[in-house]
Amino acid sequence: AHKWNTIVLPSLLRPYLALRAATNSGRDAVQTPTEIVPCTCGTCLRLEVTCVHFKYMDSIVLYSRQCTPAPQQLVERGLFPCAPFLPKLAINLDMLEFAAGLFVNSSPNETAWAATLTEFLDTRGYVFATEDSFRRCFGNALTQYQVLMQVVEAEVTKSVEVAWTLVLTTSASMLLHRLKAELPLVDGSTSLFERNYLNSQSDDGHLPQSKSGEPRQCPSAYLHSQCPLCFGGRPSVPQENTPHVIVCIDANFQQKRNHDKDCRKGHEKEEGMRDPPLFSPCTVRVSEADLKDWEVKVEGIRNHQSTTRTGSKCKAGEMVESDLSIVDAEDRCEPGMPIPNSCADSCGESFIAADSNRVKASTMYFSNTGMMAMLCRHDIVLFWANMWTAGEKQFFALALLAALMAELPLDWTIGFLYDIACQMHRSLIKWGFLPQFLPRLLFAILVFHAYGHQWVCQLWYHPRKAGIWGLSDGEGCERFWSMLRRLIPGMRVTGYHHRLFVLDLQIAHIHRAQFAGLGEWLRRRITKTTKRLADASPKLEACGHPPDFLRQQFTQQRTHQSRPLTRQSRNSGIKAIEKIVALRESASTIKAAIEKLESELTKYILTDSIAASSTRFDVLTSIEAKTRVLSRLHRDIDSATNQLNLYDKTSAARLNKIKREPFFALQMNMRAVKARLCTKLRERKFELANLERAYRSKQMAHIEDAMHRREPTITVLAKKYNDMLKQMVRLRATDAVATNAVLPPAIILKTLFKLDVDDDTWHNIGLEDLEEFDGILPPWLGDDTVRAGIRFDQEVMNCEGELLRCRLEHEAMRDWFQEEYEATILAEKYTPGE
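Using the numbering used here, read the sequence shown as starting at 319 and increasing by one per residue.
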């Protein structure tokens, strides 16, 4: 492999390009030289080579020499050598090109190809010396031919890139002079590993500035070559507060690779050595060194803090565990987070629990456990990372994010779609990862994964709820994994570097296919969006509510349903009574202050001086203000006493006496449980609306499955509520303090999910403080036309935003095509050499 990469393949670049030009890109027959060119270096060696074609085999005689090595002579004849210096067998280039194309459109199987061709030639009387000789030679030749094809493509791209850069940065008068001086010559001597091509690991990547050291004004040449719709043309943003570019990230644990085993005697249980590295100039993979750096950085920031969770969940290596809030801590919204800790914890635990009984890819059996990829919204792979951990570690996603941000201008905003985006957002805030990029990141969850999240989380992170994502669904990764399915069996038993090379080949093939269809993608998206907008606009008008009102109602819904939930506590009764005592003391203090001010006021009533009038006005103003405060305190006292079924005139001494009664603690905890239960049922009601509108069988099944997974949580809350009610009944019978207490009815579990308006679930007898809306439901909750109008308004906003983004992408594609066409023509015209 070292000889191929350092000597042979570089020397074949010019002969191969000359062959392609002479045969009109393979359409014409190869003109085989009939005369033997005499040797000029005195190192001539006669060599007989067996040549394998589609229908026949023949033998030719070469004179290998240092000035014109045998591989170079074979390529000039349309053949490719199976060995770097003295090949005994060569394969037709057309056969290798056909096989290379077949193996990126189907599962690579060199053994089957070699066996079939061997049998095919055997029926025609052509027999190989040994049964396995052709399979080994064919596999070696195919791999090196694929490397050569990638290097040829990279050389062409490099010339176009230089021409494109000169067109953008050079005046018209100096352009021709610089083109002739700076366009690169095809290099036939430098080792492949010493070359710098345009890919995800190029020297210009992973830096927030350009090669000149100035901040980037536009995306890097690498991103420009990946997706012209996202990164071509003039940088622009569809609307204010919307992202410049939308990307999605996901991990896949099917593309695993078994441990290499050492076959030496006495070393059977040891891990074997890696296979030789293969050069991949068009890779979009983040290097292993960068990933290791991020692993060390993340572990250093987290300071190796252990979690309270043990067992299989910790072994799964999930990325959200150490971000969960402290058990039994007061629920609240962390600074910068739109959702409370209880909601974020539930989302994190649901994604841990999905794999709690198994490790996604055990490191006991697999050296490489999977891959993580970042795609733009047009399903084009921008970066991918090779994974070696048992679970979805966070540093992989951070490395991909950092690689993208380093290739973009400093003023670009990124829309980041991820199946656990809420957890990623929480981690970036909590641990301070990527602080320089956080203000430029907008987070959303993947549409198909959204129903694994709590309803409150969906209100903030679902891309259809924000109005800034258009119709981007973030599910490009799932489509990408589907395209790679055929590689799964073969990748299990291949070598480390060969696996990466095959994945790079497959990703490059997918990129070419997606790239060629971008115009058709844009046409389909505009047609589909226009139809959806035409369907939603009349429905929005039929609701009879203006869009501003509907958006205001949705903001109120978000605010109300995102409130932190009350937690249960052993001392909740004590805290409630202490709160009443404190409120009464405050009310007494305010009342005394009012009485003092009223006594002072009488001094100035009979005085008509200007000073006395001014003082009297100030005193009256102060009395009014304190009176308002006193009224509010009285309302709070009434509410607090009603929660415990006490009277407002209950003495402070009696309150201090009964504050440690278990009945009142139980009553407050029942209130917390009932509040959580009602919240969960309301969330389920809103999700049922999604289920009613789901027309795709996959989406419907996914919503139903997510809702059924959450049903046990709701049922457990209801059972807990009924158990606490039974305890209160027993305490009321034995505790004199609670003899006259009014208790709420029990919840009937059989009708729990019917959500009927007359269900006991909604009756708050004995817990009157749960009447959150003062008896009047807000329109977003109680008015069907408003709820429907909010959905239709969001659909209209998303469609309008999508159409605007598509128009900008259309402009970017036209600008990109014009620049690329001009650069290609100039590169073809002024590139030195043949």
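The beta carbon of each residue, even a glycine, is placed where N, CA and C say it ideally should be.
All of these numbers come straight from a predicted model, not from anything done at the bench.
In terms of alpha-carbon separation, which member of Gln519, Ser477, Leu541 and Arg1109 lies closest to Ser855?
Arg1109
Starting from Ala1196, follow its DSSP beta bridges and name the residues at the other end.
What is shown of the chain runs 319 to 1152, which leaves residue 1196 out entirely.
Could you say which of Ser382, Ala943 and Cys795 lies nearest to Ile564 if we only look at CA atoms?
Relative to the Cα of Ile564, the nearest Cα in the group Ser382, Ala943 and Cys795 belongs to Cys795.
Could you compute how far the alpha carbon of Gln390 sits from the alpha carbon of Leu330?
6 angstroms
Give me the Cβ distance between Phe684 and His577, rounded to the nearest whole Å; I'm assuming they're in contact under 8 angstroms.
7 angstroms
Considering only their Cβ atoms, is the gap separating Phe714 from Met690 smaller than 9 angstroms?
yes
Can you grab the Cα-Cα spacing for the pair Arg650 / Ala990, in whole Å?
15 angstroms
Whether Ala1036 touches Leu1061 by CB criterion (9 angstroms):
In this structure, Ala1036 keeps its C-beta atom at 9 angstroms or more from the C-beta atom of Leu1061.
Please classify Leu728 as buried or exposed, where buried requires at least 16 neighbouring CB atoms within 10 angstroms.
exposed
Return the chain-ordered ranges of every alpha helix (DSSP H) run that is complete within the segment 346-417 and spans a minimum of 4 residues.
388-394
In terms of DSSP beta bridges, what is Lys783 paired with?
Per DSSP, none; premise fails for Lys783.
Thinking Leu460 and Glu428 are a contact (beta carbons under 8 angstroms), I'd like their distance in whole angstroms, please.
Indeed, because the Cβ distance is near 6 angstroms, the residues count as touching under 8 angstroms.
Assigned secondary structure, Ile732 (DSSP; H/G/I helix, E/B strand, else coil)
Strand at Ile732.
List the residues that DSSP assigns as beta-bridge partners of Ala762.
Bridge pairing for Ala762: Leu735 [DSSP].
Which residue marks the beginning of the alpha helix (DSSP H) containing Ser685, and which one marks its end?
From DSSP, Ser685 is part of no alpha helix (DSSP H) but of the beta strand (DSSP E) over Phe684 to Asn686.
Decide if Asp285 is buried, meaning its Cβ has at least 16 other Cβ atoms within 10 Å, or exposed.
The chain is shown from 319 up to 1152; residue 285 falls before or after that span and cannot be answered.
Taking Pro856 as part of the alpha helix (DSSP H), name the residues at either end of that continuous run.
Leu836 to Cys861
Which term fits Thr323, buried or exposed, when burial requires 16 or more other beta carbons within 10 angstroms of its beta carbon?
In the sequence under discussion, the amino acid at residue 323 is Asn, which differs from the Thr named in the question. It is buried - the Cβ of Asn323 has at least 16 other Cβ atoms within 10 Å.
Report yes or no: do three or more beta-carbon pairs, one from the segment 1131-1145 and one from the segment 800-813, lie closer than 8 angstroms?
no
Between the alpha carbons of Pro328 and Ser509, how many angstroms are there, rounded?
When rounded, the distance between both Cα atoms is 7 angstroms.
Return the first residue and the last residue of the alpha helix (DSSP H) that Asp649 is part of.
Boundaries for Asp649: no alpha helix (DSSP H) harbours it, and the DSSP string shows neither H nor E there.
Suppose the cutoff is 6 angstroms on Cβ atoms and the five residues either side in sequence are ignored; what does the same chain contact list for Leu726 look like?
Pro537
Could you give the first and the last residue of the continuous alpha helix (DSSP H) run that contains Gln875?
Pro865 to Gln879
With a cut-off of 8 angstroms on the beta carbons, I'd call Gly396 and Asn410 a contact; round off their distance for me.
7 angstroms
Measure the Cβ-Cβ separation of Ala481 and Ala1145 and say whether it is below 9 angstroms.
yes
Name the residue from Thr1142, Ile567 and Asn704 whose alpha carbon lies nearest to the alpha carbon of Arg575.
Asn704
Can the beta-carbon of Cys1160 be found less than 9 angstroms from the beta-carbon of Ala401?
In the structure as shown, the chain starts at 319 and stops at 1152, and residue 1160 therefore has no counterpart that could be examined.
Asp1076 classed as buried or exposed, judged by whether at least 16 other C-beta atoms fall within 10 angstroms:
With a pLDDT of only 38 at Asp1076, under 50, the local geometry of the prediction cannot be trusted, and no value is derived from it.
Pick from Lys748, Thr681 and Ala739 that is closest to Gly770, judged by C-alpha positions
Ala739
Answer yes if the segment 599-613 comes into contact with the segment 816-831, meaning at least three C-beta pairs across the two stretches below 8 angstroms, and no otherwise.
yes
Range covered by the alpha helix (DSSP H) that runs through Glu1146:
Annotation: the continuous alpha helix (DSSP H) that includes Glu1146 extends over Asp1102 to Tyr1148.
Keeping to the same chain, check which residues put their C-beta closer than 6 angstroms to that of Thr1103; ignore five residues upstream and five downstream.
Cys861
Would you check if the distance between the CB atom of Thr873 and the CB atom of Leu789 is smaller than 9 angstroms?
For Thr873 and Leu789, no; Cβs fall outside 9 angstroms.
Continuous alpha helix (DSSP H) stretch holding Gly808: start and end
Here the alpha helix (DSSP H) through Gly808 covers Ile806 to Met809.
Between the CA atoms of Thr707 and Arg592 - distance to the nearest angstrom
18 angstroms
On the DSSP letters alone, give me the boundaries of the alpha helix (DSSP H) that Phe714 sits inside.
Gln712 to Ala724
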